[in-house]
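Accompanying notes for the structure given below.
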Amino acid sequence: MEESTASQGHPNGPNQSFSSPNNISRTSSTKNVPQTPTRSLRSSGTVDGGPQSPRSTTTTTRRRKKQYAVSTRWEQEVAENGPIKDFHRFFCCCARRLGNMFVLCERADGSPVVIAGPCWPFCMFVTLPLILAVSGAVAYFMIISNESPLPLWVAYIYFPVLGFVLASLFCVSCQDPGLMERVTDEEAGEGGWFWNEQVGSFRPPGALYCRECGVLIQDYDHLCPWTGTGIGRGNMMAFKLFVVGVNVLCYFSIILVIVALLRGLRY
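Every letter in the sequence shown is one number past the one before it in the working numbering, and letter 175, counting from 1, is 175.
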């Protein structure tokens with residue numbers, strides 16, 4: 001009777017209780033057992049206060065990458081059949097494919113630094129050789145050659161113009177044309193955005209889907225096969241500079257040929 005009364009509590013106060021010798025020994029044995037540190041569920045497999053593992057850091061970085069609005073049909077084909085193996089895959093084996101575009105260099109968040117368009121073979125094997133062949137022939141026969149009737153100072157004008165054209169061509173063909181991130185929030189539709197079924201995303205006014213590129217481009221203008229990519233907000237300025245530079249180089253070359261021929265006939 002004394003043990004049962006002591007286990008129920010002391011009648012003089014609710015906060016005081018008596019314990020039997022057996023209970024005291026059990027309590028003391030429990031306190032002496034060392035407790036192992038628990039892992040926090042909020043961190044990716046790391047102890048609270050401890051350094052994060054490289055695996056968790058990599059997972060966090062991948063989650064922060066941008067999800068661009070690409071063709072849902074292309075995503076479905078990749079999910080079912082794996083990476084698409086074609087002519088582009090043979091030459092751009094180290095590139096990450098984004099629709100029909102190829103990311104050659106990107107930032108940590110997935111933003112492309114160097115990206116090639118779907119018509120990059122035409123730009124590389126037609127546009128670039130055509131510019132180099134014509135300008136190289138004019139420079140050699142009309143300027144550099146010892147039999148050229150033109151003064152040598154013409155080269156100090158011609159070659160910078162040629163370099164400007166090549167630099168602007170690189171900026172157009174390898175620059176982000178203005179890829180849009182995928183937006184599925186319904187509140188975007190209330191702000192004047194339109195739903196695009198081809199990429200499964202809302203788009204702002206001016207952003208259009210490029211069928212050849214397979215992506216949604218902000219302020220999309222057109223697809224230029226000479227530069228190999230789509231023209232949008234991201235590379236519009238470089239495209240205008242390229243067009244101006246090509247025209248200046250073309251007219252400059254024609255004028256040099258005409259002047260050289262007239263001087264050659266005179267002498």
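Glycine is no exception: its CB is placed at the ideal position from the N, C-alpha and C atoms.
Query raised in the report: Span of the alpha helix (DSSP H) holding I157?
Result: Locating residue 157 in the sequence shown gives position 157, where the first residue counts as 1. It spans A155 to S173 - the alpha helix (DSSP H) in which I157 sits, taken as one unbroken run.
**Report entry** Reference S168; option with closest CA among F202, A137, V244 and L152
**Finding:** As a first step, residue 168 is located in the sequence shown; it is residue number 168 there, counting from the start. Taking only the C-alpha atoms, the option nearest S168 is V244.
Requested in this report: Give the DSSP bridge partners of N196, in chain order.
Outcome: As a first step, residue 196 must be located in the sequence shown, where it is residue number 196. Paired residues: S201.
Query raised in the report: Bridge partners of A116, per DSSP?
Result: Counted from its first residue, the sequence shown places residue 116 at position 116. Per DSSP, F102.
Query - For G232, the first and last residue of its enclosing beta strand (DSSP E) - result: The sequence position of residue 232 within the sequence shown is 232, counting from 1. That residue, G232, is in no beta strand (DSSP E); it is neither H nor E in DSSP.
Query raised in the report: Can you tell me the Cα-Cα spacing of M327 and I131, whole angstroms?
Result: Given a span of 1 to 267 for the chain in the structure shown, any question on residue 327 remains unanswerable.
Report task. Return the first residue and the last residue of the beta strand (DSSP E) that V215 is part of. Result -> As a first step, residue 215 must be located in the sequence shown, where it is residue number 215. That run of the beta strand (DSSP E) goes V215 to I217.
Requested in this report: Closer than 6 Å by C-beta to V172: which residues in its own chain qualify, once you throw out the five before and the five after it? Chain order, please.
Outcome: Position 172 of the sequence shown holds residue 172. Answer for V172: T227, N235, A238, F239 and F242, listed in chain order.
Query raised in the report: Ordered along the chain, which non-local residues of its own chain (more than five positions away) have a Cβ less than 6 Å from that of S201?
Result: If you number the sequence shown from 1, residue 201 lands on position 201. Within the same chain, S201 has close Cβ partners A69, R182 and V183.
Requested in this report: Please classify Y220: does DSSP put it in a helix, a strand, or coil?
Outcome: Here the question's residue 220 lines up with position 220 in the sequence shown. Y220 falls in the coil class under three-state DSSP.
Query - L208, enclosing beta strand (DSSP E) - first and last residue - result: Stepping through the sequence shown from its first residue, residue 208 is reached at position 208. Unbroken beta strand (DSSP E) run through L208: L208 to C210.
Query raised in the report: At what residues does the alpha helix (DSSP H) containing T227 begin and finish?
Result: Here the question's residue 227 lines up with position 227 in the sequence shown. Note, T227: premise wrong, no alpha helix (DSSP H); not H, not E.
Report task. Determine the closest residue to V165 out of A260, C250, R73 and L261, with distance taken between C-alpha atoms. Result -> In the sequence shown, counting from the first residue as 1, residue 165 sits at position 165. Cα-wise, what sits closest to V165 is C250.
Requested in this report: Evaluate G264 with the Cβ neighbour count: other Cβ atoms within 10 Å of its Cβ, from every protein chain shown; 16 or more gives buried, anything less gives exposed.
Outcome: Position 264 of the sequence shown, counted from the start, is the residue given in the question as residue 264. Exposed, because fewer than 16 other Cβ atoms sit within 10 Å of the Cβ of G264.
Query raised in the report: Under the three-state reduction of DSSP, which class applies to E2: helix, strand or coil?
Result: Looking up residue 2 in the sequence shown gives position 2. Residue confidence is low: E2 scores 40 on pLDDT, short of 50, so the model does not pin down where it sits. Its coordinate-derived value is still stated next. Residue state, collapsed to three classes: helix.
Query raised in the report: Under three-state DSSP, which class holds E181?
Result: Within the sequence shown, residue 181 is the residue found at index 181, counting from 1. Correct three-state label for E181: strand.
Query raised in the report: When you compare only the Cα positions, how much space is there between M180 and V215?
Result: Walking along the sequence shown from the start, residue 180 turns up at place 180. Walking along the sequence shown from the start, residue 215 turns up at place 215. Whole-angstrom Cα-Cα distance: 8 Å.
Requested in this report: Would you verify that the beta carbon of P151 is, or is not, closer than 8 Å to some beta carbon of chain C?
Outcome: Protein chains in the displayed structure number just one, and chain C is not present.
Query raised in the report: Pick from G99, A95, C213 and Y158: whose alpha carbon is nearest that of Q76?
Result: Taking the first residue of the sequence shown as position 1, residue 76 is located at position 76. Of the listed residues, the one whose Cα sits closest to Q76 is G99.
Requested in this report: Classify W120 as buried or exposed, calling it buried when 16 or more other Cβ atoms lie within 10 Å of its own Cβ.
Outcome: The sequence position of residue 120 within the sequence shown is 120, counting from 1. W120 is buried by the Cβ-count criterion.
Query raised in the report: Terminal residues of the continuous alpha helix (DSSP H) containing S131?
Result: Locating residue 131 in the sequence shown gives position 131, counting from the first residue. Residue 131 is actually Ile in this sequence, not Ser. Here the alpha helix (DSSP H) through I131 covers L128 to A139.
Query raised in the report: Can you give the Cα-Cα distance for P129 and G136, rounded to whole angstroms?
Result: Along the sequence shown, one-based indexing puts residue 129 at 129. Along the sequence shown, one-based indexing puts residue 136 at 136. For P129 and G136, the distance between alpha carbons rounds to 10 Å.
Query - Alpha-carbon to alpha-carbon, P160 and D109 - result: Here residue 109 corresponds to residue number 109 of the sequence shown, with the count starting at 1. Here residue 160 corresponds to residue number 160 of the sequence shown, with the count starting at 1. If you take the alpha carbons of D109 and P160, they lie about 36 Å apart.
Query raised in the report: Does DSSP put T61 in a helix, in a strand, or in coil?
Result: Looking up residue 61 in the sequence shown gives position 61. Because T61 sits at a pLDDT of 44, beneath the cut-off of 50, its placement in the model cannot be relied upon, and the following sentence gives the value as read from the coordinates. Reduced to three states, the DSSP call for T61 is helix.
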